[in-house]
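Peer 1: I'd like to ask some things about the structure below.
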Amino acid sequence: MVAVYRHDVHKARMRGHEHAEETFRGVRVNESVPFGADRDAALLSRPRGEPEQTVDAHESWFRVSLLTGQVASSVEPVSDIGGSLFKVVRIKDPAALHAAWLHATVPSLFSESPYYPYTSLKYHTLLVAALLDNYRAGVSFDELFLAVTPSDGDPAVVPHRTVVSTSGFALHVTSEPGDRPAARLGSGPARLFADVWARLPEVPFDVDGERRWRVLDAQLRRVRSWSVALQFIEEYSAALAPSPLDGAGPGGDGV
Amino acid sequence: MTRIQQVLFEFDGQYLGHPYFVTGNALFNAVARRVDAETRRSLRVSHGVFVPGEYGEYPAGASQDGYAGKLGQSLPDVEVYEDLFVFRDAAQRWLLDSRPRDAHNVHDLQLHGGRVAFDDTCWFGRPAGQRNRRRSVSWYLHCYLHSRQGDGSVVPVDEDVLDGLQVGGARNYGFGEVSVVDTQIVDLDALDFSRLKAAQASGESCRIELVSPFVLESEHPSGDAQDVPWWWRVDTDELSPVSQGGLRRRATRLVDGDETYAVTTVDHGQVVQYAGDEPVETARNGVLRVGTHSRFGFGEFCVRPASEDRVSERRAAGAGGEV
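Now the structure itself:
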């Protein structure tokens, strides 16, 4: 499971797979991921087939924010990208490595591909890890769920299966949702985040009480690419988590 | 003859209202003050769904095929039942892959006094300073009107009546103004339901997708408590449940003049199994909506054969996509 968090480090170093180096500061990177987990995770966030440039005049590995429209490099520079990257690559314990990625900033500066600049390297990697861990347990894609830890629950992190963790809630891709509300991913990998999200029996934040959470919920019903959506959850929660100013009471839209 | 009038509005300003859709209640109240009492009694308005005006191609199941130019800026022809729902799905499946479809389909957010508003236009262009490379995507609003009986007595409502409506909050400050860009009459009885008829003939199961919330309980005088309809089966099949944990319920409010009424709903966007045996008739009813608050836009749904995957990519097996 260690290799899965290192397989796409070349993207954060702004190189395609074919020009990637085999090591990064002495750590083995760029190893292939078994069970087709990398390909399946890519299909969750990008279209099939030959990639084509989707944003004019943006041919860069730096991610464009869906929330602000800004290019990551210009809004949240990490002073030492190489050093920060090394910190989330060198860890040897798989569970610790997963935890480090869940809260890392540096991989979220980059997209999965310069052709799809709204996608996120960070969440692509976490999705690959979740798929691989499930596949290794003998589970096929059509048995997977998106499960939520509700806002009043304990947002426990499950190694390799938790794909988003904020201070208030967590989302997991797992075949064992247990008692948690969960929705099936479907028969095969595709950009279907909005479909899965809309079917969840419960959303993990208080949409009835806070208009800002309703706005996030409404936006998530529109986003189809998984890594774009998960990154959006992170950014939105950090920037616009509900404040008392916004509290218009239950159902405060006044329809 | 059951006629509905589809209306496409363009947003002329920012919007600060219900973030999922503009409710039929909001649209109804905006229209009601401009029409006579008889029309007001009979008029029924659907929820207004947000649509980006962007390049697209017709989705699978639509009567027309292939590239459609800028699809969100006009009303596509409606010949088959599936055409009714081209724009009525938040994920807007018709957007092109060759463009940043998620960025086109997500509202640009603006903060006003701590409240999050939707911008009426989003701007694209890298680098930001290069004016010539910038382009914009405008937001549209899709809804439809009909009369209580579904006959033609009220529609078409004149475009002059609909033009310049205001919906949502902060209307005194110019928010939520919309203008009519396109309107067309659809005869429900003349639509082609062949895919559902085929499913019915072969005994194939169907699914119901909730386009707008279904009201379970309401304080509003016109609403009694209702159960989840018997012909919805929340899937408990261990082998292929769509979700686990039951139906998602939501609390909302209905504003009527100075009064506000608490409403409990089954939230939109969810999928249940269809347990009835008249899918075509059910589908027709779903367009005109079911339940006690159908006149305010609640209770709209779409019926699909269960084998039909609306995410067409998922069916396309094979390799590719690896980078």
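In order, the protein sequence lines correspond to chains A and L. So the first sequence is numbered by the numbering used here: it starts at 1163 and just counts up by one. So the second sequence is numbered by the numbering used here: it starts at 20 and just counts up by one. Every residue gets a Cβ at the ideal spot worked out from N, C-alpha and C, and that includes glycine.
For the 8 Å Cβ check, are there 3 or more pairs between the segment 1282-1301 of chain A and the segment 1262-1273 of chain A?
Peer 2: Judged by Cβ distances under 8 Å, the segment 1282-1301 of chain A makes contact with the segment 1262-1273 of chain A, as three or more pairs qualify.
Peer 1: Helix, strand or coil for Gln111/L? Go by DSSP, reduced to three states.
Peer 2: It is coil, neither helix nor strand.
Peer 1: What alpha helix (DSSP H) runs, 4 residues minimum, are completely inside the segment 1242-1299 of chain A?
Peer 2: Counting only runs of 4 or more, we get 1243-1249, 1256-1264 and 1283-1298.
Peer 1: For Pro1351/A and Leu1206/A, which I take to be in contact (beta-carbon distance under 8 Å), what is that distance rounded to the nearest angstrom?
Peer 2: Right, their Cβ atoms sit about 5 Å apart.
Peer 1: Give a yes or no on whether the minimum CB-CB distance between Val180/L and chain A is below 7 Å.
Peer 2: Not an interface residue.
Peer 1: Is it true that the CB of Tyr74/L sits closer than 7 Å to the CB of Leu35/L?
Peer 2: In this structure, Tyr74/L does not lie closer than 7 Å to Leu35/L by Cβ.
Peer 1: Quick one: what does DSSP say Asp201/L is sitting in, helix, strand or coil?
Peer 2: Asp201/L falls in the strand class under three-state DSSP.
Peer 1: Using a Cβ cut-off of 9 Å, pull out every chain A residue sitting near Arg118/L, in sequence order please.
Peer 2: Within 9 Å Cβ-Cβ: Thr1216 and Val1217.
Peer 1: Using only the alpha-carbon positions, how far apart do Leu1306/A and Glu1338/A sit?
Peer 2: Going from the Cα of Leu1306/A to the Cα of Glu1338/A covers about 8 Å.
Peer 1: In the structure shown, what three-state DSSP assignment does Gly75/L receive?
Peer 2: Strand at Gly75/L.
Peer 1: Since Val135/L meets chain A, which of its residues come closer than 8 Å, beta carbon to beta carbon?
Peer 2: Going along chain A in sequence order, the residues near Val135/L (Cβ under 8 Å) are Arg1373, Arg1374, Val1377, Leu1402 and Asp1408.
Peer 1: For Tyr159/L, does the count of other Cβ atoms within 10 angstroms reach 16, so buried, or fall short, so exposed?
Peer 2: Buried is the call here.
Peer 1: Buried or exposed: which applies to Asn124/L, given that a residue is buried once 16 or more other Cβ atoms fall within 10 Å of its Cβ?
Peer 2: Asn124/L is buried by the Cβ-count criterion.
Peer 1: Val1189/A to Arg1252/A, Cα distance in whole Å?
Peer 2: Roughly 6 Å separates the two Cα atoms.
Peer 1: Report all residues from its chain with a CB closer than 7 Å to the CB of Gln289/L; omit the five preceding and five following residues, and keep chain order.
Peer 2: Same-chain partners within the cutoff: Leu229, Leu266 and Arg267.
Peer 1: List, in chain order, every chain A residue whose beta-carbon is nearer than 8 Å to that of Tyr39/L.
Peer 2: In chain order: Arg1376, Asp1379, Ala1380 and Arg1383.
Peer 1: If you pair each beta-carbon of the segment 59-67 of chain L with each one of the segment 77-97 of chain L, do three or more pairs fall below 8 Å?
Peer 2: The segment 59-67 of chain L, when compared against the segment 77-97 of chain L, does not touch it at the 8 Å Cβ threshold.
Peer 1: Hey, could you find the ends of the beta strand (DSSP E) Asp1180/A is sitting in?
Peer 2: The sequence shown places Glu at residue 1180/A, not Asp. Careful: Glu1180/A lies outside any beta strand (DSSP E) and carries neither H nor E.
Peer 1: Using CA atoms only, rank isn't needed, just tell me which of Asp182/L, Pro71/L, Asp243/L and Gly222/L is closest to Asp127/L.
Peer 2: Checking every option, the nearest Cα to that of Asp127/L belongs to Pro71/L.
Peer 1: Where does Arg57/L fall in DSSP's three states?
Peer 2: First, the amino acid is wrong: residue 57/L is Glu here, not Arg. The answer is helix: DSSP assigns Glu57/L an H, G or I state.
Peer 1: Do Asp1379/A and Val1390/A have their C-beta atoms within less than 7 Å of each other?
Peer 2: Result no, Cβ atoms of Asp1379/A and Val1390/A do not sit closer than 7 Å.
Peer 1: According to DSSP, is Val1166/A part of a helix, a strand, or is it coil?
Peer 2: Reduced to three states, the DSSP call for Val1166/A is helix.
Peer 1: Check whether the segment 86-94 of chain L and the segment 1170-1189 of chain A are in contact - that is, three or more C-beta pairs closer than 8 Å.
Peer 2: At 8 Å Cβ cutoff, the stretches do not touch.
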